[in-house]
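In the working numbering, the protein residues as written are 1419 to 1702. The beta-carbon is built from N, C-alpha and C at its ideal position, and this holds for glycine as well. Keep in mind the model is a prediction, meaning the values are calculated, not measured. Working notes for the structure below.
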Amino acid sequence: MSAAPAAPQPAAAEPDPRFALLLTPPPPRTGWRVVPSRVGAMCAVELQKLLHDRTEIYTRAVQPALWLLIFGTTFSRIHAIPTGGVPYLDFLAPGIIAQSAMFIAIFYGIMIIWERDSGVLTKLMVTPTPRSALVTGKAFAAGVKAVIQAVVVIVIAALLGVGMSWNPLHLLGVAVVVVLASAFFSCLSMSIAGIVLTRDRLMGIGQAITMPLFFASNALYPVALMPGWLQAISKVNPLSYQVDALRGLLIGTPSHLGLDFGVLAFAAAVGIAAAGSLLGRLAR
């Protein structure tokens, strides 16, 4: 007696495309695609910190406000520094924006030493994220904080009557300049951290170099008023190129925007490379 034919099996249901991501994990990011995602993640972390604790914004706004209110208004009255027909307060405001951004970034290495001491850096180092992506993320996260600080200084300067351009393209250029310069100074700080390895030493070095960098730039006075040796230092000081670009974008003084952006981008790239090479030494 022949066996009855087997009943046909029902066809397997096709998976709902809406749940495809839950059933099949996305391919991991590799190569150059890692850098944008890590940069975005680090910037998001910094924004979250500022949203939870806004006191840092207020406390860091005190010093630039004092520079503009006391130094700027006083020297505007005595006309001690020739600025080519530009009111001294207008001339000073971009320099104070650059100064406040540098002061935020130059001590960024303290944070990475704290992450080393708390074990966070070790966890980041064992991930597949390239060191260059970690450093770039932290550098541009410092840039985000510096841009927020720059907005505060711009508002203070506007309230004091500084005549500035509100062209959206100019303001976008200001943000790019501040981010690039902050990326360099934060990488400089992280590189120093990779050499000295302790917060106390980094704090001392940071305090020792911030004011020379500030006074050896064109933030307070034109380069033409400097002695020859100081002019030579000013030409290799990235802060001078940042201030020159900010003045050209905000108050319309003659500047060299192409050179300024090029120098700042090159300095940021060199800083990222240097900090990335020293990151492993810091994590030991």
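Residue from the options with nearest C-alpha to residue i
{"i": "residue 1476", "options": "1496, 1662 and 1518", "result": "1518"}
{"i": "residue 1613", "options": "1496, 1528 and 1503", "result": "1528"}
{"i": "residue 1555", "options": "1600, 1679, 1627 and 1635", "result": "1600"}
{"i": "residue 1691", "options": "1603, 1655, 1676 and 1627", "result": "1603"}
{"i": "residue 1655", "options": "1463, 1520 and 1479", "result": "1520"}
{"i": "residue 1675", "options": "1653, 1659 and 1538", "result": "1659"}
{"i": "residue 1551", "options": "1541, 1454 and 1640", "result": "1454"}
{"i": "residue 1489", "options": "1473, 1502, 1466 and 1508", "result": "1508"}
{"i": "residue 1526", "options": "1570, 1651, 1558 and 1473", "result": "1558"}
{"i": "residue 1641", "options": "1494, 1535 and 1652", "result": "1652"}
{"i": "residue 1473", "options": "1570, 1535, 1502 and 1649", "result": "1570"}
{"i": "residue 1631", "options": "1615, 1586 and 1661", "result": "1661"}
{"i": "residue 1463", "options": "1522, 1560, 1549 and 1505", "result": "1560"}
{"i": "residue 1591", "options": "1688, 1493, 1466 and 1679", "result": "1679"}
{"i": "residue 1616", "options": "1535, 1549 and 1491", "result": "1535"}
{"i": "residue 1577", "options": "1586, 1487, 1588 and 1549", "result": "1487"}
{"i": "residue 1628", "options": "1688, 1522, 1494 and 1689", "result": "1522"}
{"i": "residue 1459", "options": "1542, 1689, 1639 and 1506", "result": "1542"}
C-beta contact flag for residue i and residue j at 8 angstroms
{"i": "residue 1512", "j": "residue 1668", "result": "yes"}
{"i": "residue 1574", "j": "residue 1482", "result": "yes"}
{"i": "residue 1637", "j": "residue 1516", "result": "yes"}
{"i": "residue 1664", "j": "residue 1595", "result": "yes"}
{"i": "residue 1624", "j": "residue 1524", "result": "yes"}
{"i": "residue 1485", "j": "residue 1514", "result": "yes"}
{"i": "residue 1598", "j": "residue 1682", "result": "yes"}
{"i": "residue 1635", "j": "residue 1620", "result": "no"}
{"i": "residue 1538", "j": "residue 1605", "result": "no"}
Opening and closing residue of the alpha helix (DSSP H) in which residue i lies
{"i": "residue 1509", "result": "1506 to 1523"}
{"i": "residue 1627", "result": "1617 to 1633"}
{"i": "residue 1497", "result": "Counting along the chain, residue 1497 falls outside any alpha helix (DSSP H), and DSSP gives it neither H nor E."}
{"i": "residue 1671", "result": "That residue, residue 1671, is in no alpha helix (DSSP H); it is neither H nor E in DSSP."}
{"i": "residue 1532", "result": "1526 to 1536"}
{"i": "residue 1583", "result": "It is not in any alpha helix (DSSP H) - residue 1583 carries neither H nor E in the DSSP assignment."}
{"i": "residue 1564", "result": "1549 to 1577"}
{"i": "residue 1651", "result": "1646 to 1653"}
{"i": "residue 1483", "result": "1480 to 1484"}
Within-8 angstroms CB hit, residue i to chain B
{"i": "residue 1621", "result": "Among the chains of the structure shown, chain B does not appear; only one protein chain is present."}
Residue i beta carbon near the ligand COA (any heavy atom closer than 7 angstroms)
{"i": "residue 1588", "result": "Judged by which ligands are present, the structure shown has none, so any question about the ligand COA falls away."}
Would you check if the stretch 1642 to 1655 and the stretch 1552 to 1566 touch, i.e. whether three or more CB-CB distances between them fall below 8 angstroms?
-> no
Are the stretch 1680 to 1700 and the stretch 1605 to 1612 touching by the rule of at least three beta carbon pairs closer than 8 angstroms?
-> yes
State whether the stretch 1575 to 1585 contacts the stretch 1663 to 1682, with contact taken as three or more CB pairs (one from each stretch) at a distance under 8 angstroms.
-> yes
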